[in-house]
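Engineer: Quick one: this structure, given as C-alpha cells, is what I'll be asking you about.
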Amino acid sequence: MSQVVYITVESPDRAQGDGNAFAQAEWIHPHLIESVHPAKGRQFRVSGPVRKGEQLLVDHPYAIIPVVDEPASNDNLLCSNPTCNRRASCPTRVSCPDACITDVVWCGEACQNADTRRHAFECLWLKRYAGLIRAKWGEYDFGMLWLIVRILATRQTGHASPTTNFELQGEQERFKQGWDAIESLCGSQDTWSHEQVKAWSTLVKKYLRSSSILPHGLPTDRILHLICQEEANSFGLYPRETGVFPLPHPPVDRGEQFAAAVYAVAAIANHSCLPNVSHKPDNQGRMVFTASQDILPGEECCISYFDLTRFGDLNTRREHLRKSFRFVCRCERCSSEEPVEEAVEWTGMPLMDD
Numbered sequence: 001m002s003q004v005v006y007i008t009v010e011s012p013d014r015a016q017g018d019g020n021a022f023a024q025a026e027w028i029h030p031h032l033i034e035s036v037h038p039a040k041g042r043q044f045r046v047s048g049p050v051r052k053g054e055q056l057l058v059d060h061p062y063a064i065i066p067v068v069d070e071p072a073s074n075d076n077l078l079c080s081n082p083t084c085n086r087r088a089s090c091p092t093r094v095s096c097p098d099a100c101i102t103d104v105v106w107c108g109e110a111c112q113n114a115d116t117r118r119h120a121f122e123c124l125w126l127k128r129y130a131g132l133i134r135a136k137w138g139e140y141d142f143g144m145l146w147l148i149v150r151i152l153a154t155r156q157t158g159h160a161s162p163t164t165n166f167e168l169q170g171e172q173e174r175f176k177q178g179w180d181a182i183e184s185l186c187g188s189q190d191t192w193s194h195e196q197v198k199a200w201s202t203l204v205k206k207y208l209r210s211s212s213i214l215p216h217g218l219p220t221d222r223i224l225h226l227i228c229q230e231e232a233n234s235f236g237l238y239p240r241e242t243g244v245f246p247l248p249h250p251p252v253d254r255g256e257q258f259a260a261a262v263y264a265v266a267a268i269a270n271h272s273c274l275p276n277v278s279h280k281p282d283n284q285g286r287m288v289f290t291a292s293q294d295i296l297p298g299e300e301c302c303i304s305y306f307d308l309t310r311f312g313d314l315n316t317r318r319e320h321l322r323k324s325f326r327f328v329c330r331c332e333r334c335s336s337e338e339p340v341e342e343a344v345e346w347t348g349m350p351l352m353d354d
C-alpha cells in the first residue's frame, strides 16, 4: 500500500498581510491544526486528544447577510454591524437613513453609527441593483452577490471582530486570517460547470465591476474567482446544530435558515456523513465547532455540509453533494453503505467458438 503523507501547515507570517484589521477566529482549540491531504486538500486534524463536548473553534464571520422572508416584520433579521450580528427586534431597530433595502437594519443607533463607513461601501450598490437583481435573477443570486459585496466591504474597510483576546493570538496565528485566508479558500472555475461559470461571469460584468458605485479596485476575473470560492465555502446559518449523528429519535432538523456567511477558518473543515464535529452559530453569528464524539490524536475533524435528517440514504446524500458541492462522498459511512458486488461463480469453463 502507498503511504499517505500529511503536511502540517506552518504559521503564516502576519507581517505580510495587507495591513488592515480583519475578522479573526476568537477561539481555536490548542490541539486543532491544519494539514494538507494529498487528495482532499486542506483539512482540520487534532494533535492531541479532544473529548466529546469540547469546543474546537469559535470563528467570527468575515462577511454575513440575513436570509429571511418579509424582512420588514421579521424578528430574525440581523444587525448589519459586523461586530454585533445580533438579532435586531422590530420595535427598537434602526433602518438605513437612505432607505437602501429593508434587509439592512441595526439593533440601535450606536451600532448604526459604528457601521457608517462599512455600510457606505454597500449602500449605493444596494439602492441601485438590489431590486433589479431580485426581480430578474431571483433571491438566491441576489444573496450571493450581496455576500460578495460584503466580503469586499470587509476587505476595503478592515472591520475587525469585536474583541481580541491577546492570550489566544498564538493559537490564531496557526491559521491564516482575514483577506489572506479568503484568498486561500478552495474553489475555482474548474470546480464548477462551464454553464455555471458563464452565468456568474455575466453577473460579475453587469453588477460587480469596480466603479464609483462599488469601488473595490479588483479585476473582474478576480471577482469571478471570489464567487467560485464563496459558493464552495459559505455556510448557511440555522438555529439548531448541524451534523448531530446518530440522529435523535424522533429526528430534529436544524430549523429554518436565517443568514449566510463566509468564515475564514471554519471553511477549512471537510465533509463527512459520519461527522465527529457539529456546528451551530451563536447569537453573534460566530460559527461554533463542537466535538460530537471523542477525537483521537491525528484524526481528521469533519462536519456535515447538510442537514442529516433531510438526506438519509446513500444515493440522496451523494446526489445532493454532487449537485451542491461538486464531489462524490467516499466517507466511512458512504463506503460502508455501497452495495457489495456479487462474485461470479464459474461452474465450468466458458464455451468457446471453434
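Numbering (UniProt numbering), first residue to last: 1 to 354. Note that beta-carbon positions come from the ideal geometry of N, C-alpha and C, so glycine has one too. Computed from a prediction, not measured in an experiment: that's the story for all the values here.
Assuming Thr-220 contacts Val-204 under a Cβ cut-off of 8 Å, what Cβ separation, rounded to an integer in Å, is found between them?
Structural biologist: Position 220 of the sequence shown, counting from 1, holds the residue named residue 220. Position 204 of the sequence shown, counting from 1, holds the residue named residue 204. So it is a contact: roughly 5 Å between Cβ atoms.
Engineer: Please go through the same chain and pick out, in chain order, the residues whose beta-carbon is closer than 8 Å to the beta-carbon of Pro-49, but skip the five residues on each side of it.
Structural biologist: Residue 49 sits at position 49 when you count from the first residue of the sequence shown. For Pro-49, where only same-chain residues beyond five positions count, the Cβ hits under 8 Å are His-31, Asp-294, Ile-295, Leu-296, Pro-297.
Engineer: Within 10 Å of its beta-carbon, does Ser-336 have 16 or more other beta-carbons around it, so buried, or fewer, so exposed?
Structural biologist: Translated into the one-based positions of the sequence shown, residue 336 becomes position 336. Flag for Ser-336 reads exposed.
Engineer: Give the single residue among Asn-315, Phe-325, Arg-322 whose Cα lies nearest to the Cα of Arg-333.
Structural biologist: The residue given as residue 333 occupies position 333 in the sequence shown. When only C-alpha atoms are compared, the closest one is Asn-315.
Engineer: Where do the N-terminal and C-terminal ends of the alpha helix (DSSP H) with Glu-195 fall, by residue?
Structural biologist: Taking the first residue of the sequence shown as 1, we reach residue 195 at position 195. 194-207 is the extent of the alpha helix (DSSP H) around Glu-195.
Engineer: What did DSSP end up calling Gln-43 once you bin it into helix, strand or coil?
Structural biologist: Working through the sequence shown from its first residue, we reach residue 43 at position 43. If DSSP states are grouped into helix, strand and coil, Gln-43 belongs with the strands.
Engineer: Return yes when the Cβ of Thr-157 is within less than 7 Å of the Cβ of Arg-117, no when it is not.
Structural biologist: Mapped onto the sequence shown, residue 117 falls at position 117. Mapped onto the sequence shown, residue 157 falls at position 157. A contact, by the Cβ cut-off of 7 Å.
Engineer: Report yes or no: do the segment 245-265 and the segment 63-82 share at least 3 C-beta pairs separated by less than 8 Å?
Structural biologist: Yes: at least three Cβ pairs fall under 8 Å.
Engineer: Between which residues of its own chain and Arg-326 is the CB-CB distance below 7 Å, once the five residues before and five after are set aside?
Structural biologist: For the purposes of this step, residue 326 is identified with residue 326 of the sequence shown, where counting begins at 1. Answer for Arg-326: Thr-191, Trp-192, listed in chain order.
Engineer: Run through DSSP, which three-state label would Glu-230 get?
Structural biologist: As a working note, residue 230 is residue 230 in the sequence shown. The answer is helix: DSSP assigns Glu-230 an H, G or I state.
Engineer: Rank Thr-83, Ala-99, Pro-61, Gln-112 by C-alpha distance to the C-alpha of Thr-92 and give the top, closest one.
Structural biologist: As a first step, residue 92 is located in the sequence shown; it is residue number 92 there, counting from the start. Nearest of Thr-83, Ala-99, Pro-61, Gln-112 to Thr-92, Cα basis: Gln-112.
Engineer: Count the other CB atoms within 10 Å of the CB of Tyr-129; is the residue buried (16 or more) or exposed (fewer)?
Structural biologist: Counted from its first residue, the sequence shown places residue 129 at position 129. With 16 or more other Cβ atoms within 10 Å, it is buried.
Engineer: Can you have a look at Ala-39 and say buried or exposed, based on whether 16 or more other CB atoms are within 10 angstroms of its CB?
Structural biologist: Translated into positions along the sequence shown, residue 39 becomes position 39. Classification of Ala-39: exposed, given that the 10 Å Cβ count is below 16.
Engineer: In this structure, what does DSSP give as the bridge partners for Leu-296?
Structural biologist: Counting from 1 along the sequence shown, the entry for residue 296 is found at position 296. None, per the DSSP bridge assignment.
Engineer: For Ala-160 and Asn-276, I'd like the C-alpha separation in whole angstroms.
Structural biologist: On the sequence shown, position 160 is the one that residue 160 refers to. On the sequence shown, position 276 is the one that residue 276 refers to. Bear in mind that a pLDDT of 49 at Ala-160, under 50, signals an unreliable position, so the number given afterwards is only what the model happens to contain. Taking the straight line from one Cα to the other gives about 30 Å.
Engineer: By Cβ distance, which residues of its chain are closer than 7 Å to Ser-234, with the 5 residues on each side in sequence left out?
Structural biologist: Against the sequence shown, residue 234 aligns to sequence position 234. Correct list, in chain order: Leu-147, Ala-260, Ala-261, Val-262.
Engineer: Would you call Leu-247 buried or exposed, if buried means 16 or more other Cβ atoms sit within 10 Å of its Cβ?
Structural biologist: The count along the sequence shown starts at 1 and reaches residue 247 at position 247. Under this definition Leu-247 is an exposed residue.
Engineer: Alpha carbon to alpha carbon, how far is Val-340 from Cys-302?
Structural biologist: As a first step, residue 340 is located in the sequence shown; it is residue number 340 there, counting from the start. As a first step, residue 302 is located in the sequence shown; it is residue number 302 there, counting from the start. Going from the Cα of Val-340 to the Cα of Cys-302 covers about 26 Å.
Engineer: Quick one: is Asn-270 buried, meaning 16 or more other Cβ sit within 10 Å of its Cβ, or exposed?
Structural biologist: Taking the first residue of the sequence shown as 1, we reach residue 270 at position 270. Per the 10 Å Cβ criterion, buried.
Engineer: With distances taken between CB atoms, is the gap from Ala-181 to Ala-264 smaller than 7 Å?
Structural biologist: In the sequence shown, residue 181 corresponds to position 181, counting from 1. In the sequence shown, residue 264 corresponds to position 264, counting from 1. Yes; because the gap between Cβ atoms is below 7 Å, this pair is in contact.
Engineer: Is residue 358 helix, strand or coil by DSSP?
Structural biologist: With the chain covering only 1 through 354, there is no way to say anything about residue 358.
Engineer: How should Tyr-207 be labelled, buried or exposed, when 16 other C-beta atoms within 10 angstroms of its C-beta is the threshold for buried?
Structural biologist: Sequence index remark: in the sequence shown, residue 207 carries index 207 (1-based). The residue in question, Tyr-207, is buried, as its Cβ has 16 or more Cβ neighbours within 10 Å.
Engineer: To the nearest angstrom, report how far apart Glu-195 and Cys-329 are at their CA atoms.
Structural biologist: For this step, residue 195 is matched to residue 195 along the sequence shown. For this step, residue 329 is matched to residue 329 along the sequence shown. Between Glu-195 and Cys-329, the C-alpha separation is close to 23 Å.
Engineer: Specify the secondary structure class of Cys-79 as computed by DSSP and reduced to three states.
Structural biologist: Position 79 of the sequence shown, counting from 1, holds the residue named residue 79. Cys-79 falls in the strand class under three-state DSSP.
Engineer: Once the 5 residues before and after Lys-52 are set aside, which same chain residues still bring their CB inside 7 Å of it?
Structural biologist: Start at 1 with the first residue of the sequence shown, and residue 52 comes out as number 52. Ala-291, Ser-292, Gln-293, Asp-294.
Engineer: Return the bridge partner residues of Leu-147 from the DSSP annotation.
Structural biologist: Position 147 of the sequence shown, counting from 1, holds the residue named residue 147. In the DSSP output, where bridge partners are listed per residue, Leu-147 has none listed.
Engineer: For Ala-266, does the count of other Cβ atoms within 10 angstroms reach 16, so buried, or fall short, so exposed?
Structural biologist: Your numbering for residue 266 matches position 266 in the sequence shown. The residue is buried, with at least 16 neighbouring Cβ atoms inside 10 Å.
Engineer: Could you pull the DSSP bridge partners for Ala-63 from this structure?
Structural biologist: As a working note, residue 63 is residue 63 in the sequence shown. Answer is Val-262.
Engineer: I'd like to know whether the C-beta atoms of Ala-232 and Gly-285 end up nearer to each other than 7 Å.
Structural biologist: Against the sequence shown, residue 232 aligns to sequence position 232. Against the sequence shown, residue 285 aligns to sequence position 285. It is not a contact, given that the beta carbons lie outside the stated cut-off.
Engineer: Find out if the Cβ-Cβ distance for the pair Ile-33, Arg-42 is shorter than 7 Å.
Structural biologist: Your numbering for residue 33 matches position 33 in the sequence shown. Your numbering for residue 42 matches position 42 in the sequence shown. Going by C-beta atoms, Ile-33 is not nearer than 7 Å to Arg-42.
Engineer: Quick check on Ile-7: does DSSP put it in helix, strand or coil?
Structural biologist: Locating residue 7 in the sequence shown gives position 7, where the first residue counts as 1. For Ile-7, the pLDDT reaches just 39, beneath the cut-off of 50, and the residue's location in the model is therefore unreliable, although a value from the coordinates is still provided. DSSP places Ile-7 in strand when its eight states are reduced to three.
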